[in-house]
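Participant: Residue numbers (this note's numbering): 173 to 715.
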């Protein structure tokens with residue numbers, strides 16, 4: 173990694189815990205007129221004393237991304253047998269969601285451990301002089317509004333492109349601290365809950381993930397969710413102009429008690445995504461729309477799933493279709509990994525591509541084997557049960573069709589829908605934007621490739637799904653208005669159960685129906701009436 177590849181830093185600081193005055197900034201350097209107030213609290217979130225090292229991402233003053241390396245070493249009884257500190261830096265947000273700050277992570281860790289061991293800040297001074305911002309333009313990073321406007325303009329310039337995925341850029345291999353490398357863990361930890369969480373982020377809800385250290389893992393989740401819920405280029409052009417402010421989600425990364433005031437001032441329409449280790453924030457129901465309670469990982473214990481809870485106490489679960497979608501993605505990733513590793517072991521054959529070829533770089537998607545009705549790994553805790561109406565509907569169709577022809581048709585349509593989303597996925601280097609580009613490394617470990625492939629597939633998949641949601645709703649709006657007098661809009665947009673199914677949603681889930689209503693309101697400023705699934709005979713609803 174060369175000096176030219178790392179972003180210039182606007183500030184460097186060392187934060188310690190003083191027995192008399194608490195958290196304090198023991199050493200700091202910054203560009204002129206940059207206020208570092210509060211970085212001591214952001215750099216040392218609650219609970220870090222329980223881990224040996226950690227990496228914390230945060231947003232400072234709305235213009236800079238912060239990265240803080242925490243280190244802890246044994247000490248004497250006067251220091252409660254432990255001594256710890258954090259060494260952090262600020263970089264401009266004009267370079268992406270985190271300003272490529274993770275490129276400094278290895279050096280910041282080394283600096284934190286070194287200052288603990290030797291109590292010598294000369295290495296900090298050398299690092300500052302080497303990486304400090306040294307030109308007037310870089311000293312004035314763009315404001316959030318300017319960054320958002322630049323992002324919108326870049327989308328509009330690229331409308332002629334395919335625009336499968338926006339917002340994340342990977343090289344052939346990526347740095348160990350790039351948040352995208354957590355993609356496999358993100359999918360495994362959330363399971364089918366990834367789908368309703370992604371939809372909440374797409375609605376620009378205020379999302380707070382509450383968990384314990386390591387904070388880096390939780391911050392990675394914030395980054396990934398903001399990537400998955402970005403608006404692809406293909407969908408931006410059909411949105412009304414007043415939706416421009418919503419195109420890019422607002423990741424705040426780590427927040428704490430000191431951020432309560434700023435969180436209260438944030439625009440609830442544009443929303444935000446953040447994580448915290450401070451339990452008291454969960455009690456501030458007015459701050460957030462959705463609370464994600466992250467379980468503590470205990471080796472050897474029964475698997476625990478996160479819990480999604482709205483501010484008014486409602487538990488949000490995945491739909492039955494979300495469960496099928498999650499299983500499909502998981503199985504595809506597994507088969508892709510097995511196939512690639514078998515090729516690396518010399519088992520590659522010269523046979524032509526067939527339906528057994530993994531989907532990445534292929535026109536074929538493997539059919540998922542039939543899943544058992546039994547929920548696995550406690551999935552029943554996080555998935556909505558099959559409703560009585562849905563069960564009655566399936567039974568009625570089986571009876572009415574003397575078999576399962578209609579059910580097979582709907583299953584085929586769902587499979588075809590998923591096939592289209594996963595068809596001809598881009599290669600790894602094409603899936604992300606330049607603002608988060610990374611230099612290649614020489615690390616060719618299999619788990620690194622697994623993470624990169626997972627990032628490619630999930631990013632492309634969910635961006636295509638987002639594009640489908642938005643273009644479908646835009647088409648419904650245009651069709652409804654075309655049927656009225658010229659210049660007159662429908663007061664309410666009627667959305668049928670078939671429309672909901674065609675969007676890739678569950679017609680039996682009230683949460684999915686509510687999602688459609690909120691999408692119509694948030695992105696198009698229109699009211700919608702969503703019809704429930706079921707069967708009517710002679711105008712009478714049977715089920």
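Just so it is clear, CB atoms sit at the ideal spot from N, CA and C, and this is done for glycine as well. This one's a predicted model, so the numbers in the text were calculated from it and none came from an experiment.
Apart from the five residues on each side of it in sequence, which residues of its chain come closer than 6 Å, Cβ to Cβ, to residue 491?
Facilitator: In the chain shown, the residue the question calls residue 491 occupies position 319. Answer for residue 491: 556, 678, 681 and 684, listed in chain order.
Participant: Based on Cα-Cα distance, which residue from 669, 434, 482 and 269 lies nearest to residue 764?
Facilitator: The structure shown has nothing for residue 764, since the chain only spans 173 to 715.
Participant: Quick one: what's got a C-beta closer than 6 Å to residue 258's C-beta in the same chain, skipping five residues either side?
Facilitator: As a first step, residue 258 is located in the chain shown; it is residue number 86 there, counting from the start. So the list reads 187, 215, 216, 240 and 242, once near-sequence residues are dropped.
Participant: Quick one: which unbroken beta strand (DSSP E) runs of 3-plus residues sit fully inside the segment 176 to 200? Chain order, please.
Facilitator: The segment 176 to 200 contains these whole beta strand (DSSP E) runs: 181 to 190.
Participant: Is the beta carbon of residue 699 sitting closer than 8 Å to the one on residue 665?
Facilitator: As a position in the chain shown, residue 699 is number 527, starting the count at 1. As a position in the chain shown, residue 665 is number 493, starting the count at 1. Yes, the Cβ-Cβ distance between residue 699 and residue 665 is below 8 Å.
Participant: Using the C-alpha atoms, what's the distance from residue 453 back to residue 208?
Facilitator: As a first step, residue 208 must be located in the chain shown, where it is residue number 36. As a first step, residue 453 must be located in the chain shown, where it is residue number 281. Using only the alpha carbons, I get a separation of about 23 Å.
Participant: Let's test the definition: count the other Cβ atoms within 10 Å of the Cβ of residue 531 and tell me whether it reaches 16, buried, or not, exposed.
Facilitator: Here residue 531 is taken as the residue at index 359 of the chain shown, counted from 1. Note that residue 531 has pLDDT 38, beneath the 50 cutoff, so the model's placement of it is unreliable and the number below is only indicative. It is buried - the Cβ of residue 531 has at least 16 other Cβ atoms within 10 Å.
Participant: On a CA-only basis, which of 185, 382, 671 and 653 is nearest residue 295? Give me that one, please.
Facilitator: Indexing the chain shown from 1 puts residue 295 at position 123. Measuring from the Cα of residue 295, the nearest candidate turns out to be 185.
Participant: Where residue 428 and residue 640 are concerned, what is the direct C-alpha to C-alpha distance, given to the nearest angstrom?
Facilitator: Within the chain shown, the letter at position 256 stands for residue 428. Within the chain shown, the letter at position 468 stands for residue 640. Rounded to the nearest angstrom, the two C-alpha atoms are 36 Å apart.
Participant: Using only the alpha-carbon positions, how far apart do residue 402 and residue 212 sit?
Facilitator: Start at 1 with the first residue of the chain shown, and residue 402 comes out as number 230. Start at 1 with the first residue of the chain shown, and residue 212 comes out as number 40. So the two alpha carbons sit approximately 31 Å from each other.
Participant: Buried or exposed for residue 455, please, with buried defined as at least 16 other CB atoms from any protein chain shown within 10 angstroms of its CB.
Facilitator: For the purposes of this step, residue 455 is identified with residue 283 of the chain shown, where counting begins at 1. When all chains shown are included, residue 455 counts as exposed.
Participant: Could you tell me which whole beta strand (DSSP E) segments of length 3 or greater appear in the segment 416 to 498?
Facilitator: Listed in chain order, the complete beta strand (DSSP E) runs (minimum 3 residues) inside the segment 416 to 498 are 423 to 426, 444 to 448, 462 to 465 and 479 to 482.
Participant: On the CB-based measure, 16 or more other CB atoms within 10 Å of its CB, does residue 412 come out buried or exposed?
Facilitator: Working through the chain shown from its first residue, we reach residue 412 at position 240. It is exposed - the Cβ of residue 412 has fewer than 16 other Cβ atoms within 10 Å.
Participant: Tell me the rounded alpha-carbon separation between residue 458 and residue 514.
Facilitator: Here the question's residue 458 lines up with position 286 in the chain shown. Here the question's residue 514 lines up with position 342 in the chain shown. So the two alpha carbons sit approximately 52 Å from each other.
Participant: Would you tell me roughly how many angstroms separate the C-alpha atoms of residue 265 and residue 425, rounded to the nearest one?
Facilitator: The count along the chain shown starts at 1 and reaches residue 265 at position 93. The count along the chain shown starts at 1 and reaches residue 425 at position 253. Distance between the alpha carbons of residue 265 and residue 425 is about 13 Å.
Participant: With three or more beta-carbon pairs closer than 8 Å as the criterion, would you say the segment 495 to 505 touches the segment 381 to 401?
Facilitator: Judged by Cβ distances under 8 Å, the segment 495 to 505 makes no contact with the segment 381 to 401, as fewer than three pairs qualify.
Participant: Is it the case that the segment 474 to 487 contacts the segment 392 to 399, given that we only count it when at least three CB pairs across the two stretches are under 8 Å?
Facilitator: They do not touch, by the three-pair rule.
Participant: Name the two residues that bound the continuous alpha helix (DSSP H) containing residue 352.
Facilitator: Working through the chain shown from its first residue, we reach residue 352 at position 180. Here residue 352 belongs to no alpha helix (DSSP H), and DSSP marks it neither H nor E.
Participant: Less than 7 Å between C-beta atoms, sequence neighbours within five positions excluded: which residues of the same chain meet that for residue 689?
Facilitator: By one-based count along the chain shown, residue 689 stands at place 517. Closer than 7 Å at Cβ, skipping near neighbours: 700 and 702.
Participant: Give the secondary structure of residue 211 by DSSP, where H, G and I count as helix, E and B as strand, and everything else as coil.
Facilitator: For the purposes of this step, residue 211 is taken as the residue at position 39 of the chain shown. Three-state DSSP puts residue 211 in a helix.
Participant: Quick one: is residue 637 near chain B, going by C-beta distance under 8 Å?
Facilitator: Structure shown: chain B not included; a single protein chain is present.
Participant: Classify residue 224 as buried or exposed, calling it buried when 16 or more other Cβ atoms lie within 10 Å of its own Cβ.
Facilitator: Within the chain shown, the letter at position 52 stands for residue 224. Residue 224 is exposed by the Cβ-count criterion.
Participant: Cα separation between residue 623 and residue 416?
Facilitator: Your numbering for residue 623 matches position 451 in the chain shown. Your numbering for residue 416 matches position 244 in the chain shown. The straight-line gap from Cα to Cα measures roughly 31 Å.
Participant: Counting only runs that start and end within the segment 613 to 697, where is the beta strand (DSSP E) found for 3 or more residues in a row?
Facilitator: Entirely contained in the segment 613 to 697, the beta strand (DSSP E) runs reaching 3 residues are, in chain order, 664 to 667.
Participant: Would you call residue 116 buried or exposed, if buried means 16 or more other Cβ atoms sit within 10 Å of its Cβ?
Facilitator: The requested residue 116 does not occur in the structure, where the chain is confined to residues 173 to 715.
Participant: Nearest by alpha-carbon distance to residue 596: which of 621, 628, 620 and 585 is it?
Facilitator: Within the chain shown, the letter at position 424 stands for residue 596. For residue 596, the nearest C-alpha among the options comes from 628.
Participant: With distances taken Cα to Cα, identify the nearest neighbour of residue 585 among 504, 180 and 673.
Facilitator: The residue labelled residue 585 in the question sits at position 413 within the chain shown. The shortest Cα separation from residue 585 among 504, 180 and 673 belongs to 673.
Participant: Please determine, among 662, 551, 406 and 447, the residue with the shortest C-alpha to C-alpha distance to residue 474.
Facilitator: In the chain shown, residue 474 corresponds to position 302, counting from 1. Residue 474 has its Cα closest to that of 551, out of 662, 551, 406 and 447.
Participant: Verify whether the separation of the beta carbon atoms of residue 179 and residue 267 is less than 8 Å.
Facilitator: Mapped onto the chain shown, residue 179 falls at position 7. Mapped onto the chain shown, residue 267 falls at position 95. In contact: residue 179 and residue 267 (Cβ atoms closer than 8 Å).
Participant: Cα separation between residue 450 and residue 463?
Facilitator: Working through the chain shown from its first residue, we reach residue 450 at position 278. Working through the chain shown from its first residue, we reach residue 463 at position 291. Rounded to whole angstroms, residue 450 to residue 463 spans 13 Å at the Cα level.
Participant: Pull the bridge partners of residue 241 from the DSSP assignment, please.
Facilitator: Within the chain shown, residue 241 is the residue found at index 69, counting from 1. Looking at the DSSP assignment, residue 241 forms a beta bridge with 227 and 259.
Participant: In or out: residue 436 buried (at least 16 other Cβ within 10 Å) or exposed?
Facilitator: To locate residue 436, count along the chain shown from 1; it is residue 264. So residue 436 ends up on the exposed side.
Participant: Excluding sequence positions up to five away, which residues of its chain have a Cβ less than 6 Å from the Cβ of residue 263?
Facilitator: What you label residue 263 is simply residue 91 of the chain shown in a count that begins at 1. Once the five neighbours on either side are set aside, the close Cβ partners of residue 263 are 179, 181, 237, 271 and 273.
Participant: Pick out whichever of 645, 656 and 365 has its Cα sitting closest to the Cα of residue 667.
Facilitator: Counted from its first residue, the chain shown places residue 667 at position 495. The candidate whose alpha carbon is nearest that of residue 667 is 645.
Participant: Find the nearest neighbour of residue 232 within the set 198, 434, 353 and 190, judged by alpha-carbon distance.
Facilitator: Numbered from its first residue, the chain shown carries residue 232 at position 60. The shortest C-alpha separation from residue 232 is found at 434.
Participant: Under a three-way DSSP split, which group does residue 710 fall into?
Facilitator: Against the chain shown, residue 710 aligns to sequence position 538. Unreliable placement is indicated for residue 710, whose pLDDT of 48 sits below 50; no coordinate value is reported for it.
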